[in-house]
Amino acid sequence: MQVPLKGGMTSVSGFALWFLELVKLKKIILSCPDSMSYVDNIDGESERGQWLDLVKHSQVEEIYLGQRAHFQYGCNEANTRCPADKPPSLALSHCCMNELSLGVKTVMRACKDHNMICELNDGTLLGSLKFEGTLPWEVDADLSVDSNNFTAVRDILAPYLKSKNLSFRDSKTYYRFYTPMRWFIEIFSISSTDTSRLSKAGISPTRVLLDGEYVATPQSPGLFGRNRYSSEMYQHANHWRKRGGTSSWQFYEAGKFAECVKPGHQSCLDQFVADGSLRFNQNLLRG
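Just add 60 to the spot in the sequence shown (first one is 1) and you have the numbering used here.
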């Protein structure tokens with residue numbers, strides 16, 4: 061069996077990809093002792109740029125070389141941008157999830173700094189409960205704002221967040237903020253948030269961890285999630301828009317991921333158990 065080297069790559073990326081392909085094929089390599097020799101210093105420093113070809117080809121955003129080096133790459137470098145038409149069987153890259161969670165945290169900080177009461181809602185709250193971050197199959201973010209602050213989001217928050225690279229759109233019944241990669245964060249008005257009610261009663265509002273930062277949520281977020289998504293909320297289900305649904309209030313068929321459109325790709329969701337709150341593995345290569 062022949063496993064050719066891929067052309068057009070640096071020697072480091074090319075040989076690394078070649079060995080990865082052999083590992084996937086579960087092949088054992090035998091070398092003739094007469095031909096074995098050191099052709100390079102194996103302890104030499106590895107440079108970030110040497111791995112770019114492999115990063116783009118394999119769509120990975122981190123390469124971890126033990127104690128020698130740990131390289132991180134952006135969405136453009138790893139070719140892991142966040143298309144709206146991403147197949148439901150593929151997980152989002154870490155870069156994409158980071159941009160959405162950063163946008164949410166930026167809005168939540170702005171709400172707090174401007175004395176507005178905002179809370180996580182729907183799938184955004186569910187992601188913080190399951191993974192302390194963003195759902196790997198998310199398509200947007202959902203926040204609630206106290207009705208007394210709704211117009212202030214448009215009049216005060218929108219101009220301020222423009223300086224944070226978040227553009228604004230008024231959809232009349234709700235607002236949208238867009239990140240540079242066109243993630244959208246929807247803000248809906250509710251009559252009274254739990255944060256407002258608890259604060260007035262002198263009780264500390266509930267907060268959950270979202271990518272390293274505690275943000276406001278409804279009281280008893282676990283119960284909120286159960287009432288919203290049923291008692292099996294820790295079973296995983298793709299976003300309703302990706303499942304051909306017409307509303308987020310329809311019943312979810314949870315506990316099973318769709319068959320992957322790119323079998324063997326590291327972002328295939330069907331390689332994970334579709335139940336539980338364990339974190340998904342980060343998108344990286346170890347060598």
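Note that beta-carbon positions come from the ideal geometry of N, C-alpha and C, so glycine has one too. Everything numeric in this text was worked out from a predicted model, so none of it was measured.
Since Asp230 contacts Arg214 with CB under 8 Å, what's their CB separation in whole angstroms?
6 Å
In the DSSP assignment, what residue or residues form a beta bridge with His130?
Tyr124
Buried or exposed for Asp254, please, with buried defined as at least 16 other CB atoms from any protein chain shown within 10 angstroms of its CB.
buried
Minimum length 3: unbroken beta strand (DSSP E) runs contained in the region 208 to 282:
227 to 230, 234 to 238, 244 to 250, 267 to 270 and 273 to 276
Same chain only: Cβ atoms within 6 Å of Ser207, ignoring 5 sequence neighbours per side
Ser249 and Ser251
Here's the rule I'm using: 16 or more other beta-carbon atoms within 10 Å means buried, otherwise exposed. How should Ala144 be labelled?
exposed
Over what stretch of residues does the alpha helix (DSSP H) that includes Asp206 continue unbroken?
Note, Asp206: premise wrong, no alpha helix (DSSP H); beta strand (DSSP E) at Ala201 to Asp206.
Delimiting residues of the beta strand (DSSP E) encompassing Glu107:
No beta strand (DSSP E) holds Glu107; DSSP gives it neither H nor E.
For Cys178, which three-state DSSP category applies?
strand
Given Cys156 as reference, the closest of Ala76, Val199 and Ser71 once Cα atoms are compared:
Val199
In chain order, what residues of the same chain lie with their CB nearer than 6 Å to the CB of Arg346, ignoring the 5 residues before and after it?
Legend: pLDDT at Arg346 = 47, less than 50; position of this residue unreliable, value from coordinates given subsequently. If we look at Arg346 and ignore the five residues flanking it on each side, its Cβ neighbours are Tyr124.
Counting Cβ pairs closer than 8 Å, one from the region 146 to 160 and one from the region 326 to 334, do we hit at least three?
yes
Within 8 Å, do at least three Cβ pairs link the region 63 to 77 to the region 111 to 124?
yes
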